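Enquirer: After the structure tokens below, expect a handful of questions from me.
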Amino acid sequence: MADQWPASIPAEWKPKPEDELIHVPWGDESLPWKDTFFFSLRDVTRNANIAMHMTVSGNRSPNTRVTIGVGQGNNSTLQTCREDGTHNEKQIGNSMSRLEIVNLSWDSDHELRWIADLDEVSFDLTVKGKHFAPLWDTMFEGYYAKGSKDGLAGQFYGHAEQIIVAEGTITWKNDGIELPFQGFGWRDRGWGRRKTQLMWNTGWDLVGGVLPDDSVFSFIALRSHELPEPAPMPVGGWWSDATTLSPLVGGFYHKEATMAPLEYELTFDCGLTIAGKVVKPTGRMATSLQEAEFGVPGMPNITPNMMDWYALMRDPAGNEFEIFTQCGTMHKLDVFKNGQFIRAGHPPVQLVTRPGNPSTWTNRE
10 MADQWPASIP
20 AEWKPKPEDE
30 LIHVPWGDES
40 LPWKDTFFFS
50 LRDVTRNANI
60 AMHMTVSGNR
70 SPNTRVTIGV
80 GQGNNSTLQT
90 CREDGTHNEK
100 QIGNSMSRLE
110 IVNLSWDSDH
120 ELRWIADLDE
130 VSFDLTVKGK
140 HFAPLWDTMF
150 EGYYAKGSKD
160 GLAGQFYGHA
170 EQIIVAEGTI
180 TWKNDGIELP
190 FQGFGWRDRG
200 WGRRKTQLMW
210 NTGWDLVGGV
220 LPDDSVFSFI
230 ALRSHELPEP
240 APMPVGGWWS
250 DATTLSPLVG
260 GFYHKEATMA
270 PLEYELTFDC
280 GLTIAGKVVK
290 PTGRMATSLQ
300 EAEFGVPGMP
310 NITPNMMDWY
320 ALMRDPAGNE
330 FEIFTQCGTM
340 HKLDVFKNGQ
350 FIRAGHPPVQ
360 LVTRPGNPST
370 WTNRE
């Protein structure tokens, strides 16, 4: 048998099986309801990457937005499909991509079939969990927005995540050759009342992987809008094997200026410390959470973009293995909004600069 939720792990840390399915909206009706799914996968042998973000909206139409990026060698594509989808106890998705429900348990028996048909590529994958998936609402209470008045006012975001493995086929339509796909990656599942542009005021860093001993880990550093800027950067993470789920309590993570991972050392509540240094970056894939929206009252002029960086790492014992990392960055949408055009001429238009030593400035965007 694969993992089954052991008594040694607090029961409240386990997501409900039905959390994989579409939720009935509740809470602050002034905010949109979203069920979201993110998957990132890499086949190391075939140098193939797949990433998807899917949003199912509870109170607008078309209700299903899917963006998928696929890359392999010289082939790459990024495609979005927004249309009303099909959502029930058997499948979730639209005409471009769907998740078929096989087994819901949030351990190594958790299984989905993921089928996608894009203009340039199609794939058919069996996706399974790897050890235990934590429910962030309880294991890391307050990390994500939880609303006020028992969630009835303000933004609320429920969240579960899991390291995954996948096996199936991928076919690029320019040659029609069906290739095997066997890989690993990371996925999450979110639900709640929220607006993407109002969730974060910084970028984020996310890392996960399967270690040489077959255990798994993941962590994220992200600040929600609910936290003031001077507050410390919140870090949440976990490690799991066939019997254990333990939270991250300390360590460091260093990146290259390119956003690729460089090294990490992580200590977990169970006493385990893991470490790795980069051998080389490998697969890379960009995806987005949404399309651009302009002129929406009350919305900030920023949106997040996600860059997945996989990398070959080496642990202190010399074992090599790949990890998933993601760097989320905030960027402007209406680039010239509230801008000033600078020019030489008659009269010239010049920038008004501030005096002093830049190292002393506290507000640098």
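For the sequence shown, my numbering assigns the number 10 to the initial residue and increments by one for each residue that follows. Glycine included, each C-beta is placed from N, C-alpha and C at the ideal position. All values reported here derive from a predicted model rather than from experimental measurement.
1. Considering only C-alpha positions, which residue in the set C336, N103 and G307 is nearest to A320?
2. Just to confirm my understanding: we take L236, look at its own chain, exclude 5 residues before and 5 after, and list those with CB closer than 8 Å. What are they?
3. What's the C-alpha gap between T86 and F48?
4. What span of residues does the beta strand (DSSP E) with W123 cover, start to end?
5. Taking all protein chains shown into account, decide if I229 is buried (16 or more other Cβ within 10 angstroms of its Cβ) or exposed.
6. Spatial neighbours of G67 within its chain, please: CB distance less than 6 Å, with the 5 preceding and 5 following residues excluded, ordered by chain position.
7. When you compare only the Cα positions, how much space is there between F209 and G36?
8. Assign W35 to one of three DSSP states: helix, strand, or coil.
9. Take the Cβ of E329 as the centre, count every other Cβ of all protein chains shown within 10 Å, and call the residue buried at 16 or more, exposed below.
10. Count the other CB atoms within 10 Å of the CB of N183; is the residue buried (16 or more) or exposed (fewer)?
11. For V361 and I351, what's the separation of their Cα atoms in angstroms?
12. Can you give the Cα-Cα distance for S39 and G163, rounded to whole angstroms?
13. Rounded to whole angstroms, what is the Cα-Cα separation between L215 and L275?
14. Taking DSSP as the reference, what is the three-state secondary structure of E27?
15. Starting from the C-beta of I18, find all residues in its chain whose C-beta is less than 6 Å away, skip the five residues before and the five after it, and write them out in chain order.
16. Does G185 pass the burial test, meaning 16 or more other C-beta atoms within 10 Å, or should it be called exposed?
17. Which partner residues does M322 have in the DSSP bridge list?
18. According to DSSP, simplified to helix, strand and coil, what is D146?
19. If you measure between the beta carbons of S106 and V75, is that distance less than 8 Å?
20. Is DSSP giving L220 helix, strand or coil here?
21. Which value, in whole angstroms, describes the spacing of the CA atoms of G327 and D343?
22. So does the segment 93 to 106 actually touch the segment 22 to 32, counting three or more Cβ pairs closer than 8 Å?
23. Does any heavy atom of the ligand COA sit closer than 7 Å to the C-beta of I173?
24. How should P189 be labelled, buried or exposed, when 16 other C-beta atoms within 10 angstroms of its C-beta is the threshold for buried?
25. Assign T211 to one of three DSSP states: helix, strand, or coil.
Expert: Taking the definition as stated:
1. C336
2. P243
3. 16 Å
4. E120 to D126
5. buried
6. P34 and W42
7. Correcting the residue type first, residue 209 is Trp in the shown sequence and not Phe. Whole-angstrom Cα-Cα distance: 20 Å.
8. coil
9. exposed
10. exposed
11. 11 Å
12. 9 Å
13. 13 Å
14. helix
15. L254
16. exposed
17. V287 and F330
18. helix
19. yes
20. coil
21. 48 Å
22. yes
23. With respect to the ligand COA, the structure offers nothing, as it holds no ligand at all.
24. exposed
25. coil
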